[in-house]
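**Student:**
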Amino acid sequence: MAMHMTPTYDVAVLGAGLAGSLIGALLARQGVSVALIDPGTHPRFAIGESTIPHTSLLLSLLALEYDVPEIDHLAYPDRIAAYVTSTCGIKRAFGFAYHTPGHPFEPAHGLQFGTSSKDENHFFRQDIDAFVFYTAVRYGADAYLSTRARSVHIDRQGVRVDLEDGTPIRSRYVVDAGGYRSLLARQFDLRRDPPPLRHHARTLFTHMIGVRPFTPPGHPFTLSWHENTLHH
24 MAMHMTPTYD VAVLGAGLAG SLIGALLARQ GVSVALIDPG THPRFAIGES
74 TIPHTSLLLS LLALEYDVPE IDHLAYPDRI AAYVTSTCGI KRAFGFAYHT
124 PGHPFEPAHG LQFGTSSKDE NHFFRQDIDA FVFYTAVRYG ADAYLSTRAR
174 SVHIDRQGVR VDLEDGTPIR SRYVVDAGGY RSLLARQFDL RRDPPPLRHH
224 ARTLFTHMIG VRPFTPPGHP FTLSWHENTL HH
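In my numbering, the protein residues as written are 24 to 255.
#1: Quick check on His230 - is its C-beta less than 8 Å from some C-beta in chain C?
#2: Between Val182 and Ala120, what straight-line distance do the alpha-carbon atoms span, to the nearest angstrom?
#3: With three or more beta-carbon pairs closer than 8 Å as the criterion, would you say the stretch 52-69 touches the stretch 27-37?
#4: Quick one: give me the first and last residue of the beta strand (DSSP E) that Gln180 is part of.
#5: Below 8 Å on the Cβ atoms is my contact criterion, and I expect Thr158 with Val234 to pass it. Report the Cβ-Cβ distance as a whole number of Å.
#6: Spell out a yes or no on whether the stretch 211-227 and the stretch 73-92 are touching, meaning 3 or more CB-CB pairs, one atom from each, closer than 8 Å.
#7: Nearest-angstrom Cα distance between Ala104 and Gly40?
#8: Can you grab the Cα-Cα spacing for the pair Glu72 / Cys111, in whole Å?
#9: Check each candidate in Ile94, Leu253, His223 and name the one with the smallest Cα separation from Asp152.
#10: Can you tell me whether Tyr32 is buried or exposed? The criterion is at least 16 other CB atoms within 10 Å of its CB, across all chains shown.
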């Protein structure tokens, strides 16, 4: 009769998006055995694309501390284009354009301010996330894609993650990088309901091609509006 051994890892990471894959890459590079568990696949749509100097600094520091040079590419637009993907954009400033219904935009109602002494990025997340995920796999992380974690059990022996098909995975630690779909938050009732900072805003997001750059006639600004994170 065949014996089926339960897969055992140092760390089980729930979620293989940007955060989970980044954790997986850093740990795997240091020789930690990692399971990346995610119900989806790569590449895939994601939002959260505009970096700020603090983001890029942290990426560079993590790359240096954990010896993962691939992560340092993500701090520089030219290196992303050279080593990762040609689909990302540059970010040179934050831009705000206030519009009055029925009237053309007036430059006096606009504001720009720079990000720092270096250019920042607009990530095309499906390419960036896939790059970081496969970096983790190259360093030795085991990938469980199209695999949903059903429950997590924590005891003195460590952690047992039960997958939706009934397969158990053991680990010493578990990291939940599932975002708003967090399994641990749901299972252990970690979210407050109603949330204390609840508001009534809505967010719309999409990707478009063929959009003309926003360049108001006679605008006095130094930087091109379409190279900003532009708010209308």
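Positions of the beta carbon are idealized from the N, C-alpha and C atoms, including for glycine.
For clarity, every value in this text was computed on a predicted model and none was experimentally measured.
**Tutor:** Taking the definition as stated:
#1: Absence of chain C from the displayed structure is noted, only one protein chain being present.
#2: 50 Å
#3: yes
#4: Segment: none, Gln180 is in no beta strand (DSSP E) and carries neither H nor E.
#5: At roughly 31 Å, the Cβ-Cβ gap does not stay under 8 Å, so Thr158 and Val234 are not in contact.
#6: no
#7: 21 Å
#8: 9 Å
#9: Ile94
#10: buried
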